[in-house]
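Using the numbering used here, read the sequence shown as starting at 2 and increasing by one per residue.
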Amino acid sequence: MEHSTLNGISFDAGQWPLKADLPTVIFIHGSGNNRLFWKHQLTALNDCANTVAVDLPGHGDSPGEGMDDVDGYAQTVAALIDAIQAPMPIPCGLSLGGAVAIQMLLNGKGRFHAGILINTGARLKVLPEIFDMIKNDYQAYTESSLKMAVSPHTEANMLKAIVAEAKQCPAEVVYNDFKACDAFDVMKQLGEIVETVLVVSAEDDRLTPPKYAQFLCDSIPQTKAAHIPKAGHLSPIERPNEVNQAIREFLKKLQ
Ligand code: COA
């Protein structure tokens, strides 16, 4: 595992230098999270991919105040991919990160090797209660949002680290992340995506329900679908083996 900062973006790589003959999966976290969200994916996929997990601006170790638009984040991550000369880059994001990945695929017009969208949607309207909670009682938000984000089958113990991490992110940054989600709507543009896209959904996801994944599958011309049972919005942490297996199989079929 390697940790670096380039162009003001902090990131971890599962192996470094990146191998020229492997695709590079660029992991993009969701609202208020950071690169450590992908700890179960990063080195576990070393045999079949280069892996890079970024801290979006204002998150984790990346400086800045965050952004309130998906396109700003998309351009920042695309610039990092150029800077590290990632072989066969595959944007892979969850929730807000998934919106960033979709926007990168739209902006890139065929420049990526493929895409991976996990628990996300082409439109991410946010419950007004989420904005109220972040504004009025951020501590309470970090606790209760996690409960809403996981499956009833997931043990609370597994999430301690992510709750601790979430508390590190300033409330304003999280608020702006959700503003970016709330304004995101590319439902009518998905037909322009030319890459093959893996769409991963989770049975108990209440924040981006499987219906959103179905829409992505129906609208993006070339997709593969994977559905993770007994998992919620945070399936890469809740069911890492199943999510990794879905990514592994997708990468195999791309060759
Ligand atoms: N893909 C497919 N369908 C979508 C969609 C997506 N990304 N986003 C919205 N839709 C559908 C809705 O399911 C709804 O369909 P219906 O009329 O058949 O029920 C319709 O489009 C209108 O959606 P929306 O404008 O979101 O509904 P709303 O204004 O009534 O509800 C919320 C707003 C916030 C309550 C609702 O969007 C929601 O529950 N969101 C999930 C919770 C959340 O905050 N997630 C955070 C995402 S980061």
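Just so you know, even glycine gets a beta-carbon here, dropped at the ideal spot from N, CA and C.
Beta-carbon spacing of L57, E166 below 8 Å: Contact: no.
Straight-line Cα distance separating E144 from L199: Approximately 31 Å between the Cα atoms of the pair.
Of the residues A172, H41, Q16 and L125, the one placed nearest C182, counting alpha carbons only: Ranking the options by Cα distance to C182, first place goes to L125.
Spatial distance of D205 from Q169 (CA atoms): If I take the Cα positions, the gap works out to 26 Å.
The ligand ATP heavy atom lying under 7 Å from the CB of L107: Because the ligand ATP does not appear in the structure shown, any question about it cannot be addressed here, the ligands present being the ligand COA.
Outcome for D13 when other beta-carbon atoms lying within 10 angstroms are tallied against a minimum of 16: Classification for D13: buried.
The stretch 148-167 / the stretch 238-253 touching (three or more Cβ pairs under 8 Å): Judged by Cβ distances under 8 Å, the stretch 148-167 makes contact with the stretch 238-253, as three or more pairs qualify.
Closer than 7 Å: V127 CB and nearest the ligand COA heavy atom: Shortest gap from the CB of V127 to any heavy atom of the ligand COA: under 7 Å.
T6: first and last residue of the uninterrupted beta strand (DSSP E) it sits in: Segment E3 to L7, the beta strand (DSSP E) holding T6.
Sheet register partners of T224 (DSSP bridge): Listed as beta-bridge partners of T224 by DSSP are V198.
Cutoff 7 Å; reference G59; Cβ partners in own chain excluding five residues on either side: The residues are G65, E66, G67 and V174.
S96: CB within 7 Å of a non-hydrogen atom of the ligand COA: Taking 7 Å as the cut-off, the C-beta of S96 counts as close to a heavy atom of the ligand COA.
For P64, three-class secondary structure by DSSP: Looking at P64 - three-state DSSP - the assignment turns out to be coil, as it is neither helix nor strand.
Distance cut-off 7 Å: G33 Cβ against heavy atoms of the ligand COA: Not so, every heavy atom of the ligand COA lies at least 7 Å from the Cβ.
Through-space distance from I119 to N108, alpha-carbon basis: If you take the alpha carbons of N108 and I119, they lie about 19 Å apart.
Run of the beta strand (DSSP E) containing C93, from where it starts to where it stops: DSSP places C93 in the uninterrupted beta strand (DSSP E) bounded by P90 to L95.
Distance between W39 and I221 (C-alpha atoms, nearest Å): About 25 Å.
As assigned by DSSP and simplified to three states, the class of I1: Since the first and last residues shown for the chain are 2 and 256, residue 1 lies out of range.
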